[in-house]
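Numbering (our numbering), first residue to last: 102 to 344.
This report concerns only the one structure given below.
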Amino acid sequence: MNIVNAKDFDSMNRKAASIIFTQVTLKPDSVLGLATGSTPLGIYQNLIELYRKGDLDFSSVRTVNLDEYYGLDKSSDQSYVYFMWENLFKFINIKPENVHIPNGANTDADAECRRYNQVIAELGGIDLQLLGIGHNGHIGFNEPSDHFEGGTHCVTLTASTIEANKRFFGDESQVPRKAITMGIKSIMSARRILLVASGVEKAEILCEALTGPITPKVPASILQLHGSVTVVADEEALSRMNA
Ligand code: GLP
Numbered sequence: 102m103n104i105v106n107a108k109d110f111d112s113m114n115r116k117a118a119s120i121i122f123t124q125v126t127l128k129p130d131s132v133l134g135l136a137t138g139s140t141p142l143g144i145y146q147n148l149i150e151l152y153r154k155g156d157l158d159f160s161s162v163r164t165v166n167l168d169e170y171y172g173l174d175k176s177s178d179q180s181y182v183y184f185m186w187e188n189l190f191k192f193i194n195i196k197p198e199n200v201h202i203p204n205g206a207n208t209d210a211d212a213e214c215r216r217y218n219q220v221i222a223e224l225g226g227i228d229l230q231l232l233g234i235g236h237n238g239h240i241g242f243n244e245p246s247d248h249f250e251g252g253t254h255c256v257t258l259t260a261s262t263i264e265a266n267k268r269f270f271g272d273e274s275q276v277p278r279k280a281i282t283m284g285i286k287s288i289m290s291a292r293r294i295l296l297v298a299s300g301v302e303k304a305e306i307l308c309e310a311l312t313g314p315i316t317p318k319v320p321a322s323i324l325q326l327h328g329s330v331t332v333v334a335d336e337e338a339l340s341r342m343n344a
């Protein structure tokens, strides 16, 4: 595992964006696994900037997003499909048909999970998967559990995730209770993984995930078993590691 120290959030964004830049430059039709949340926002801004300068071309890039709330309409400004278009896709030259996100509005959740597994398989797997980390160690929406879940599945969100994500909603009661997420096997099958973390509130869980026991109670701990993980984190997020 390669751990890259970044001074602060801006530096983390630039370093992480440069890894994605290199991936797409070397393989223009890369399959990028993308993430939502606050942490990747600055990375997406850097990628948009690189595109505007003419340094990055997304015309052949394919993307698969990690997860989506279940039961939200696609047009909802809280949905992850909305987040991705508003924060990245609408500013770059990606082809809409090359964008893949679980459909949280499909009333048949099992069918949607099967469809999404098929999408990832037909793309030939993920070249580079970008990940944030939840306060409880979740990746995507793989919540702490007594087992690692393999492929795409529907999850019931934990109270701590609902609490953490309520900032994007009017209040806690508005946060969907379920989500569709790529499973641990889908994530671990990515050829490369880029985990990003920022801020002191991630210090404890980042340290536990990267150096603690590998357990489904801390889903991100499984990343210790992946052969090609780069962690880009700022000083605050790494403060427990360096303590
Ligand atoms: C959500 C997403 C995760 C993300 C996590 C952390 O729960 N499903 O993919 O990693 O939030 O978000 P943030 O970066 O805002 O802390």
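A virtual CB, placed ideally from N, CA and C, is assigned to each residue, including glycine.
Keep in mind the model is a prediction, meaning the values are calculated, not measured.
Q. Between which two residues does the alpha helix (DSSP H) carrying Glu-150 extend?
A. 142-153
Q: For the beta strand (DSSP E) holding Gln-230, just list the boundary residues, first then last.
A: 229-232
Q.
With a threshold of 7 Å (Cβ to nearest heavy atom), would Thr-262 be considered close to the ligand GLP?
A. yes
(Q) I need the residues with a C-beta less than 6 Å from some heavy atom of the ligand GLP; please give them in chain order. (A) Ala-136, Thr-137, Gly-138, Ser-139, Thr-140, Leu-167, Asp-168, Gly-233, Ile-234, Gly-235, Gly-241, Phe-242, Thr-262, Asn-266
Q.
Taking the beta carbon of Ser-180 as the centre, do at least 16 other beta carbons fall within 10 Å, making it buried, or is it exposed?
A. buried
Q: From the DSSP output, read off the bridge partner residues of Lys-128.
A: Listed as beta-bridge partners of Lys-128 by DSSP are no residues whatsoever.
Q.
According to DSSP, is Ile-195 part of a helix, a strand, or is it coil?
A. Ile-195 carries a coil assignment under DSSP once its states are collapsed to helix, strand and coil.
Q) Taking the C-alpha atoms as reference points, what is the distance between Glu-305 and Ala-338? A) Between the alpha carbons of Glu-305 and Ala-338 lies a gap of roughly 8 Å.
**Q.** Nearest-angstrom Cβ-Cβ length linking Asn-194 and Asp-158, presumed shorter than 8 Å
**A.** Indeed, because the Cβ distance is near 7 Å, the residues count as touching under 8 Å.
Q: Please look up how many angstroms separate the CB atoms of Val-220 and Val-165, rounded, as I've assumed it's under 8 Å.
A: 7 Å
Q | According to DSSP, residues forming a beta bridge with Arg-278 | A | Answer is none; Arg-278 lacks a bridge partner.
Q) Taking just the CA atoms, how far does Ala-118 sit from Leu-148? A) Between the C-alpha atoms of Leu-148 and Ala-118 there is a straight-line separation of about 6 Å.
Q) Residue ranges of each beta strand (DSSP E) run of no fewer than 3 residues wholly in the segment 202-264, ordered along the chain? A) Secondary structure within the segment 202-264: the beta strand (DSSP E) runs of 3 or more consecutive residues, fully enclosed, are 229-232, 254-257 (chain order).
Q: Kindly indicate which three-state DSSP category Leu-135 falls into: helix, strand or coil?
A: Under the three-state reduction of DSSP, Leu-135 is assigned to strand.
Q | Cα-Cα separation, Ala-291 to Ala-222 | A | 11 Å
Q | Pro-314 versus Val-332 - alpha carbon distance | A | 18 Å
Q. Which one of Leu-229, Arg-153, Tyr-171, Ala-210 has the shortest CA to CA distance from Val-125?
A. Leu-229
Q.
Would Ala-136 and Leu-224 qualify as a contact pair, given that the criterion is a beta-carbon distance under 8 Å?
A. no
(Q) Can you check which of these residues, Met-289, Asn-199, Gln-146, is closest to Phe-192 by C-alpha distance? (A) Gln-146
Q.
Under DSSP, the alpha helix (DSSP H) around Val-182 begins and ends at which residues?
A. 181-188
Q) By how many angstroms is the C-alpha of Phe-269 removed from the C-alpha of Glu-250? A) 26 Å
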